[in-house]
Amino acid sequence: MVLPLLCLMVFGSIAMGVALWKWNALEEATAETARCLAIQSSDCGKVPAGCSGAAGACYAVATASARGLSDITPDQVTIDTQAVVDGISYVSVEIAYPFDLLGYRMTVSSTNHFPNRN
Numbered sequence: 280m281v282l283p284l285l286c287l288m289v290f291g292s293i294a295m296g297v298a299l300w301k302w303n304a305l306e307e308a309t310a311e312t313a314r315c316l317a318i319q320s321s322d323c324g325k326v327p328a329g330c331s332g333a334a335g336a337c338y339a340v341a342t343a344s345a346r347g348l349s350d351i352t353p354d355q356v357t358i359d360t361q362a363v364v365d366g367i368s369y370v371s372v373e374i375a376y377p378f379d380l381l382g383y384r385m386t387v388s389s390t391n392h393f394p395n396r397n
């Protein structure tokens, strides 16, 4: 009677830990990409070989891949270089990452902003 409940708690905790780790990796990738695009760094201004998306999206994919999320595609990245919040121009980067965990389809997403360099 106790074993099924214990297994549910253990595997549920593991599943939530994996989802939290993926979300944290996305947070870091979106923040780094937004900053790179906002300061107009040459690192994120060129499309690497083998990437079919825009330069910024390819940079976001490479950044997420460096953090262990290697199956993100440029189609999952949304970039707005002219987002405005309270009259201030920002670069906004969002990555939506669907994945299967214990038989359930989940989507973890992250959005980060960085003020444009003027």
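Under the numbering used here, the first residue of the sequence shown is numbered 280, with each subsequent residue one higher.
Note that the Cβ used here is the ideal one computed from N, Cα and C, for glycine as well.
Remember, it's a predicted structure, so these values are computed and weren't measured experimentally.
Would you list the one or two residues that DSSP bridges to leucine 380? Here residue 380 refers to the residue found at position 101 when the sequence shown is read from its first residue. For leucine 380, which the question treats as bridged, DSSP gives the partners Tyr383.
Relative to the alpha-carbon of leucine 305, which residue among Asp322, Lys325, Gly347 and Ala328 has its alpha-carbon at the smallest distance? Counted from its first residue, the sequence shown places residue 305 at position 26. That would be Gly347, whose Cα lies nearest to the Cα of leucine 305.
Identity of the residue in Leu285, Thr309 and Val297 nearest isoleucine 358 by Cα: Taking the sequence shown and counting its residues from 1, one reaches residue 358 at position 79. The shortest Cα separation from isoleucine 358 among Leu285, Thr309 and Val297 belongs to Thr309.
Based on the DSSP output, what are the partners of glutamate 373 in its beta bridges? Indexing the sequence shown from 1 puts residue 373 at position 94. Note: glutamate 373 sits in a beta bridge opposite Thr357 and Thr390.
Rounded straight-line distance, which links the Cα of alanine 343 to that of asparagine 391: Indexing the sequence shown from 1 puts residue 391 at position 112. Indexing the sequence shown from 1 puts residue 343 at position 64. Those two C-alpha atoms are separated by around 14 Å.
For leucine 285, does the count of other Cβ atoms within 10 angstroms reach 16, so buried, or fall short, so exposed? Locating residue 285 in the sequence shown gives position 6, counting from the first residue. Counting other Cβ atoms within 10 Å of its Cβ, leucine 285 stays below 16 and is therefore classed as exposed.
Could you please give me the residues that DSSP links to valine 363 through a beta bridge? Taking the first residue of the sequence shown as position 1, residue 363 is located at position 84. According to DSSP, which records beta bridges pairwise, valine 363 is partnered with Ser368.
Output the distance between the C-alpha atoms of valine 340 and alanine 333, rounded to the nearest integer angstrom. The sequence position of residue 340 within the sequence shown is 61, counting from 1. The sequence position of residue 333 within the sequence shown is 54, counting from 1. Counting only the Cα atoms, alanine 333 lies some 11 Å from valine 340.
Using only CA atoms, which one of Pro353, Ser349 and Ala345 lies nearest to cysteine 337? Locating residue 337 in the sequence shown gives position 58, where the first residue counts as 1. The candidate whose alpha carbon is nearest that of cysteine 337 is Pro353.
Rounded to the nearest angstrom, what separates alanine 345 and methionine 280 at their Cα positions? Indexing the sequence shown from 1 puts residue 345 at position 66. Indexing the sequence shown from 1 puts residue 280 at position 1. So the two alpha carbons sit approximately 43 Å from each other.
My assumption, with CB atoms under 8 Å, is that glutamate 317 sits in contact with arginine 396. Please give the rounded CB distance. Counting from one through the sequence shown, the residue named residue 317 turns up at place 38. Counting from one through the sequence shown, the residue named residue 396 turns up at place 117. Going by the sequence as given, residue 317 is alanine instead of glutamate. Alanine 317 to arginine 396, Cβ: 6 Å. Contact.
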